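Trainee: I have a structure I would like to understand better, so I am pasting it below and will then ask my questions one at a time.
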């Protein structure tokens, strides 16, 4: 599953606060099946990329991919190949614009440290 969620900030970004995760920090180590990347709020992205979405894939014969769009009152499932390809392209653009996984983990650690002081 790949997911792009709406922007969230830390201290100094619209008054948002960073809360230390309970238990094990998601940035302390790295699980082999999880990649964390932070997309800077000042990234220049086309307007159509500002919706929360998830790309879900099933290993079947043939493989199946669908896109789940989040809405205030529910969601929409996209199954058409052209729709899925469009969101795959959006995912590629988002991950290319985001910080690397290593830089993202450090960014989150820095936010947590900053919130402690």
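Numbering (our numbering), first residue to last: 10 to 126.
Heads up, the beta-carbon is just placed ideally off N, CA and C, and yes, glycines get one too.
Since the model is a prediction, treat every value here as computed from it, not as a measurement.
What are the start and end residues of the alpha helix (DSSP H) that includes residue 120?
Mentor: 110 to 125
Trainee: Rounded to whole angstroms, what's the CA-CA distance from residue 74 to residue 126? Just pull it up for me.
Mentor: 44 angstroms
Trainee: To the nearest whole angstrom, what separates the beta carbons of residue 65 and residue 77, a pair I think is in contact under 8 angstroms?
Mentor: 6 angstroms
Trainee: Per DSSP, what kind of secondary structure is residue 78 in: helix, strand or coil?
Mentor: strand
Trainee: In this structure, does DSSP put residue 91 in helix, strand or coil?
Mentor: helix
Trainee: Taking the alpha-carbon of residue 98 as reference, which of 54, 40, 44, 49 has the nearest alpha-carbon?
Mentor: 54
Trainee: Distance check for residue 82 and residue 92, CA to CA, integer angstroms please.
Mentor: 21 angstroms
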